[in-house]
Amino acid sequence: MNKEYINHKQASTILDINEKTLTRMIMEKQIPCTKKGREKLYLKTDIESLKGVSLPEMPEQKIIVVHSGKGGTGKTTICNYLAKIMTNQNLNVLVVDADPQHYFTRFWGNHLNEEDKEKIKTHNLLSLIEGEKKLVKCALPITDRFHFVPGNRKLEHYDSLFANSYGRELKMKKALTPALAKYDYVIIDTSPSQGGVTIAALFAAHILICPIDPEVDSLDSAIELTKSIDAIKKSEMNSHFNLSKLYILPIKQKEGLFRNTFQKEVLQEINSVFEGDNFSTEVQVLKPVLDDKNIPQERWQGIFKENTKAFTNHYDSLKEVFQDGEI
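Our numbering numbers the first residue of the sequence shown as 1 and each following residue consecutively.
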């Protein structure tokens with residue numbers, strides 16, 4: 001008798017559940033899968049055995065941190081496009097600028113009204129963490145559904161600013177807790193540093209996206225990040241750490257033939273390194289996103305404008321990735 005295999009979407013249709021719930025069921029019941037390229041396939045009989053199975057309530061996975069230990073991998077770009085994709089789906093999104101360089105703030109600050117522009121100096125992530133301001137006052141509106149908490153250059157001194165504060169790793173998590181009731185998703189932009197403010201962002205995170213460009217040192221930084229996560233999970237702070245999944249997002253660049261061959265080799269290595277159960281957190285490698293750095297336009301301007309090739313390249317790829325049931 002031939003075995004009949006079905007893909008993830010077909011399985012969710014059979015069970016009449018969404019793909020996220022199906023993924024949880026498969027993990028909970030340890031349903032085996034086989035791979036055909038990037039596609040996961042399951043025995044139809046295994047999937048049918050899940051009919052009527054119920055799962056315990058899962059806490060909402062609402063806080064997404066975008067972090068890479070290497071600069072120039074497009075973290076701020078990804079935060080912006082994620083927010084755009086989500087608002088297009090009528091979701092309410094809050095972006096938190098936890099990067100001391102505050103590129104996100106420097107761009108979107110110019111789109112605020114004059115009153116809110118002045119607020120950036122006093123109503124930002126640092127004043128929120130310090131308890132001087134409430135979240136409702138620091139979340140500045142870009143549109144009705146898209147708000148952001150501005151960054152502050154002093155965040156680079158997070159460790160010294162809160163040196164005498166017990167539980168400084170949890171300060172951002174506590175400060176952002178009210179956002180969970182108001183927003184569908186919170187997206188946190190970070191710097192390449194793994195200093196105190198980045199660690200605080202990781203403690204707030206449910207989901208972590210790590211962009212990797214086609215360079216060996218970028219892959220090395222992602223491996224170091226997983227080691228840091230493993231160390232936290234083995235520490236006494238583990239009970240406060242809610243990170244459930246790490247997504248590796250390869251960034252491809254339009255280059256010549258030699259460069260494309262090199263990128264392919266690095267991508268193969270990325271898939272090899274993060275395959276299996278080598279890490280304490282579930283790791284998944286997403287489909288590569290195309291980033292054309294040869295666009296003849298000042299990149300910092302092109303990052304956010306919808307009528308540019310830069311936006312089209314990123315937005316189309318990210319939309320495919322994040323509407324694929326993977327997040």
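Quick reminder that beta carbons are idealized off the backbone N, C-alpha and C, glycines included.
Computed from a prediction, not measured in an experiment: that's the story for all the values here.
Three or more beta-carbon pairs separated by less than 8 Å link the region 144-159 to the region 87-100, which places the two stretches in contact. Judged by DSSP in its simplified three-state form, Cys33 adopts coil rather than helix or strand.
Annotated as distal: Lys319 and Pro288, with beta-carbon spacing of 8 Å or more. Taking a contact as a CB-CB distance under 8 Å, the pair Leu43 and Tyr5 counts as one, their CB atoms being some 6 Å apart. In the DSSP assignment, the residues bridged to Tyr185 are Val93. Within the DSSP bridge table, the entry for Phe148 names Val95, Leu140 as partners. For Leu43, the uninterrupted beta strand (DSSP E) segment begins and ends at 39-43. For Gln10, no beta strand (DSSP E) segment is defined; the enclosing uninterrupted segment is the alpha helix (DSSP H) at 8-15. Between the region 65-74 and the region 118-138 there are fewer than three C-beta pairs closer than 8 Å, too few to call the two in contact. Residue range 282-285 is occupied by the beta strand (DSSP E) that includes Glu282. Taking the CA atoms as reference points, Phe241 sits about 5 Å from Phe203.
In the structure shown, Leu208 adopts extended strand secondary structure according to DSSP, grouped into three states.
With fewer than 16 other beta carbons inside 10 angstroms of its own, Glu39 counts as exposed. For Ile120, there is no enclosing beta strand (DSSP E), as DSSP gives it neither H nor E. Between Pro250 and Ile207 a beta carbon distance of about 17 Å is seen, past the 8 Å cut, so the two are scored as non-contacting. According to DSSP, Lys245 shares a beta bridge with Ile207, Glu282.
Judged by DSSP in its simplified three-state form, Tyr103 adopts helix.
DSSP, read as helix, strand or coil, puts Leu225 in helix.
A distance below 8 Å separates the beta carbons of Val285 and Ile270. In this structure, the straight-line span from the alpha carbon of Ala205 to that of Asn80 is close to 17 Å. Put simply, of Gly195, Leu15, Asp144 the residue whose alpha carbon is nearest the alpha carbon of Phe162 is Gly195. Shown here, Tyr166 sits in coil according to DSSP, grouped into three states, outside any helix or strand. Counting along the chain, the unbroken beta strand (DSSP E) around Val66 starts and ends at 63-66.
According to DSSP, residue pairing for Val289 in a beta bridge involves Ile251. Spanning the alpha carbons of Ser235 and Leu155 requires a straight line of approximately 25 Å.
Residue nearest to Thr77 within the set Asp217, Phe107, Thr87, Ser54 is Phe107 (criterion: CA-CA distance).
Take Ala175, set aside five residues on each side of it, and the residues of its chain with a beta-carbon closer than 6 Å to its own are Leu128, Ile129, in chain order. Distance from Val273 to Tyr185 at the Cβ level is roughly 28 Å; contact not present, criterion being Cβ atoms closer than 8 Å.
Cβ-Cβ distances below 8 Å link Lys134 to Leu128, Pro178 in the same chain, with the five nearest sequence neighbours on each side left out; the list follows chain order.
When the five nearest sequence neighbours on each side are left out, the beta carbons in the same chain lying within less than 6 Å of the beta carbon of Ile209 are those of Val66, Tyr247, Leu249, in order along the chain. When the beta-carbon positions are compared, Leu243 and Ile229 come within less than 8 Å of each other. Bounds of the alpha helix (DSSP H) holding Asn88 are 75-88.
In this chain, the alpha helix (DSSP H) harbouring Met172 covers 171-176.
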